[in-house]
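A quick write-up on the structure given underneath.
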Amino acid sequence: MNKTSEILKIDIDDSGIQSEGQQFDTKISKAMENSEDLAEYVSKLEEAEVSIEDSFFRG
Numbered sequence: 000m001n002k003t004s005e006i007l008k009i010d011i012d013d014s015g016i017q018s019e020g021q022q023f024d025t026k027i028s029k030a031m032e033n034s035e036d037l038a039e040y041v042s043k044l045e046e047a048e049v050s051i052e053d054s055f056f057r058g
């Protein structure tokens with residue numbers, strides 16, 4: 000959002016989005032604490048994301 004604000008030269012109030020994002024992160028963290036399967040699934044997704052990013056940036 001900050002980059003968009005800079006490019007468009009307008010102020011964007013993203014406090015609501017930041018708050019919602021933090022609440023979402025908290026809910027996901029609690030859900031992962033209660034479910035080993037979910038925690039494992041999220042870990043695999045994160046590993047796949049890193050792998051894709053590595054492939055993309057290496058060319």
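Each residue of the sequence shown is one higher than the one before, counting from 0 in numbering that gives the first Met the number 0. Yeah, the Cβ is synthetic: ideal placement off N, Cα and C, and Gly gets one too. Computed from a prediction, not measured in an experiment: that's the story for all the values here.
E39 and G20 have their C-alpha atoms spaced approximately 21 Å apart. Around L37, the same chain offers A30 and M31 as residues with beta carbons nearer than 7 Å, after the five sequence neighbours per side are excluded. In the DSSP assignment, M31 falls within the alpha helix (DSSP H) that extends over S14 to N33.
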